[in-house]
Amino acid sequence: MSPTKDARAAAPARRYWLPVALTVFAVAWGGNQFTPLMVMYRLEGELNLVFVDLLLLVYALGIAPALLISGPLSDGFGRKPVMISAPVLSILGSVLIALGETTGPLLLAGRWLSGAGVGVAMAVGGSWVKELSTARFDPSAKATSGAKRQSMALTSGFGVGAGVAGTLAQFAPLPGQLPYLLHILLTLPLILALLPVPETRQSPAGRDRAAVLAALRTPSVAHPRFLLIAAPAAPWVFGAAGVAYAIIPSLMQGQVGRPVFFSALITFFALLFGFAIQQVGPAIASDRSARGTLVALGIVIAGMGLAAWMAAHPSIPAAVVAALVLGMGYGLTMFTGLNEVQRIAGPRDLAGLTGIFYCLTYIGFAFPAILTKASASREWLTYPVMLGAGLVIAAATMAVVAANSRRHLPTAGAD
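Residues 1 to 415 (the UniProt record's numbering) are what the sequence shown spells out, left to right.
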């Protein structure tokens with residue numbers, strides 16, 4: 001055994017990545033706890049239905065600038081000072097949403113702040129987890145450990161947050177406040193937990209204007225592998241998730257006795273299946289082809305077909321099956337996309353490219369609002385028709401990825 005291997009074997013097991021992953025989990029909890037409560041807001045009748053769906057899009061609009069700015073800034077100036085803003089923004093978002101249960105401006109501001117916190121957590125927290133999952137900090141880590149830990153922290157946070165919030169809203173007092181109070185109490189200690197975590201990106205440059213502008217550049221965004229594999233599949237991450245836990249529960253709310261709790265269960269179990277498939281993501285993915293992305297898109301296509309069938313023939317079993325398959329499509333498209341990004345990006349722009357990838361994923365959160373508006377404005381644009389069109393678009397995406405599956409590989413490896 002070489003001296004380097006001896007040193008690694010003797011190195012203490014330090015899970016520096018864990019506080020960062022827990023913070024990503026908590027911020028994701030705060031971002032998605034609103035989702036099952038959308039049914040509650042619809043049933044209260046004080047908010048326009050399209051406005052409720054638009055709150056998903058406002059959330060995505062908070063995420064987008066945070067993803068695009070925070071990632072490159074942390075590449076240039078360090079992960080820790082930027083990442084600490086994520087739980088702070090998330091807590092402020094929960095405070096405003098709790099205070100403004102039926103007040104449009106407060107809900108909009110709260111959802112935007114929640115989205116901004118999630119954006120920072122995804123781009124910066126995810127990159128920090130990746131770097132803390134290397135041999136320097138974690139001798140037991142594998143090449144895919146960073147992507148796996150990052151995607152699992154997000155998925156479990158999204159799922160548990162929705163499940164707990166929906167259950168409290170259905171059965172506990174103060175349904176518009178108690179879920180957010182719990183999230184605030186959960187997240188506050190994690191700000192302190194981040195302080196002792198080692199920094200992985202020390203910037204040699206001064207913090208002048210030129211350094212800031214340089215940090216915002218992400219050269220790897222032009223890599224053909226990103227443009228032809230990761231980017232086309234990205235919108236289906238939250239496109240699949242949005243159909244699973246926004247469209248399907250809304251179509252079923254008149255057929256179930258406890259619609260808020262049903263929405264929470266659908267969201268939780270869809271994301272649980274997404275979490276489960278991420279466990280085998282490294283075995284499905286390949287570094288010689290886009291096999292993982294192709295499998296993920298195949299699952300999305302199947303899920304969209306099942307969702308279209310469910311919309312035409314509503315039933316609880318059909319809704320559950322469609323949501324679970326879409327949840328797996330969400331989970332695997334996220335993992336395989338992150339895996340591609342982490343293979344393409346260099347150390348200088350890892351967070352920047354991660355942020356751009358995530359920004360593309362959140363295009364999918366526009367789907368529910370678009371479908372709700374379209375179904376109200378055109379009689380022939382029924383949900384079965386629109387979800388069937390989504391299936392065709394997903395199939396076209398799969399064709400693009402298949403045509404470029406083995407091209408522009410960033411590294412060589414074994415299948």
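Even glycine gets a Cβ: it sits at the ideal position worked out from N, Cα and C.
Residue burial is scored here from C-beta neighbours: I370 has fewer than 16 other C-beta atoms within 10 angstroms and is therefore classed as exposed.
Straight-line spacing of the CA atoms in A312 and W380 works out to 13 angstroms. By alpha-carbon distance to L271, the top candidate from V320, A123, T23 is V320. A Cβ-Cβ contact shorter than 9 angstroms links T23 with G125. Residues L67, L68, G71, A123 of the same chain have their beta carbon placed closer than 6 angstroms to that of G355, with the five preceding and five following residues left out of the count.
Under the DSSP assignment, F137 falls outside any alpha helix (DSSP H); it carries neither an H nor an E label. Assigned with DSSP and collapsed to three states, L409 falls in coil, not helix or strand. In summary, S140 is exposed, with fewer than 16 beta-carbon neighbours lying within 10 Å of its beta-carbon over all protein chains present. When C-alpha distances from F335 are compared across G31, A153, L190, G163, the shortest belongs to A153. Between the stretch 151–165 and the stretch 18–35 there are three or more inter-stretch CB-CB distances shorter than 8 angstroms, so the stretches are counted as touching. Under the rule that a run must span 3 or more residues, no beta strand (DSSP E) segment is found entirely inside the stretch 308–349. Three or more beta-carbon pairs drawn from the stretch 391–405 and the stretch 296–305 are found closer than 8 angstroms, and the two stretches are therefore classed as touching. No residue range can be given for Y16, since it is assigned to no alpha helix (DSSP H) and is classified by DSSP as neither H nor E. Inclusion of Y59 and V118 in the CB contact set at 9 angstroms is warranted, their separation being smaller than that value. Of the other Cβ atoms in all chains shown, 16 or more fall within 10 Å of the Cβ of Q170; this residue is therefore buried. Within the stretch 100–155, the complete alpha helix (DSSP H) segments at least 4 residues long are 104–120, 126–132, listed from N- to C-terminus. Going by C-alpha positions, G346 is about 12 angstroms away from E131. L113 and V120 have their alpha carbons spaced roughly 11 angstroms apart. When secondary structure is reduced to three states using DSSP, Q278 falls in the helix class. Taking C-beta atoms under 8 angstroms as the contact rule, P410 and R343 qualify, at a distance of about 5 angstroms. Within a 10 Å sphere around the beta-carbon of V243 sit 16 or more other beta-carbons, which makes this residue buried.
A straight line joining the alpha-carbon of V400 with that of I191 spans about 42 angstroms.
Between G352 and D75 the beta-carbon gap is near 6 angstroms, inside 8 angstroms, which marks them as a contact.
If you look at Y245, you'll find it isn't in any alpha helix (DSSP H); DSSP assigns it neither H nor E. V237 sits away from Y383, with the two beta carbons spaced by 9 angstroms or more.
For G390, the enclosing alpha helix (DSSP H) begins and ends at 383–403. Excluding five sequence positions before and after A302, the CB atoms of its chain that fall closer than 6 angstroms to its own CB belong to V325, given in chain order.
For V39 against P314, the beta-carbon gap comes to about 15 angstroms, at or over 8 angstroms, which does not count as contact.
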